[in-house]
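A short write-up of the structure that comes next.
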Amino acid sequence: MELRQNFNAKITPTKAMGRMNKWYEKVMALGNNNFRSVIKTFKNHAPTILNYFRRRATNASAEAFNSKVKIFRSQMRGVRDRDFFIFRLVKLYA
């Protein structure tokens, strides 16, 4: 819950980093080893995560489109004619 509140709050990246560090400490104090990998991932990608607090933008729309392309490609059982594949993508998802 606290983590979500951090991302919903309109705060600076510096303040966000401080809140994230407090969250790390609270999670580690719980002693649940399952969250160690989550914390490690957050720390490894901290600069990228903190960019969210500067611009409040994500690449979710690009990820969603990539997912649709992947599903469409699997339904076509491979692509032989690249031009036709692009044509179909434009007609279906544009």
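For the sequence shown, this note's numbering gives the first residue as 2, with consecutive numbering after it. For glycine and all other residues, C-beta sits at the position ideal for the given N, C-alpha and C.
Membership of MET18 in the alpha helix (DSSP H) is indicated by the continuous run 14-31. By the neighbour-count criterion, in which 16 or more other beta carbons inside 10 Å mark a residue as buried, ALA63 falls on the exposed side. Positions of the alpha helix (DSSP H) runs, each at least 4 residues long and wholly inside the region 31-58, are given as 37-45, 47-56 in order along the chain. Nearest Cα to VAL28 within the set ILE40, ASN67, ALA61: ILE40. Relative to the Cα of THR42, the nearest Cα in the group ILE12, ARG57, LEU31, TYR25 belongs to TYR25. Of ARG74, LEU51, ASN22, the smallest CA-CA separation from LEU93 is found for ARG74.
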